[in-house]
Amino acid sequence: MINFIRTSFTRMKHSTIIYDPLTKKTLIDNSLIKALEIAEARKSRIKKNKELATAELATAEKQKSFEMSESHECKPFFKNKQ
4 MINFIRTSFT
14 RMKHSTIIYD
24 PLTKKTLIDN
34 SLIKALEIAE
44 ARKSRIKKNK
54 ELATAELATA
64 EKQKSFEMSE
74 SHECKPFFKN
84 KQ
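Residue numbers for the sequence shown follow the working numbering, beginning at 4 and rising by one.
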C-alpha cells in the first residue's frame with residue numbers, strides 16, 4: 004500500500020508542482036506560490052506604470068494642443084518706436 008501511494012504521487016521534473024492522480028488535484032509548493040505572487044505583483048505594477056505613462060502623455064498632448072490653440076488666437080503686441 005505504501006509503495007502504491009509513493010508511486011501515485013508523481014513529481015514533475017524541475018518543478019515544485021505535485022500531481023495526485025488519486026484525487027486528481029495539483030499540489031503547489033509554497034515557494035512556487037510565492038514566486039507566482041511576486042510575478043503577479045510585478046505584472047500589475049508594470050500595467051499600472053504603463054497606464055500612468057499613457058495618461059501623462061495624453062495630458063501633455065492635451066496641454067500642448069491647448070497652448071497651440073491659445074497662441075493662434077493671440078495677437079502680437081508691437082511697441083511703437085519713436
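We put the beta carbon where it would ideally sit given N, CA and C, even for glycine.
As the structure is a prediction and not an experimental result, all values here were calculated from the model.
As the crow flies, the alpha-carbon of Leu30 is around 14 angstroms from that of Lys37.
A Cβ-Cβ distance of about 7 angstroms is found for the pair Ile20 and Leu35, placing them in contact under the 8 angstroms criterion. Ala58 and Gln66 have their alpha carbons spaced roughly 12 angstroms apart.
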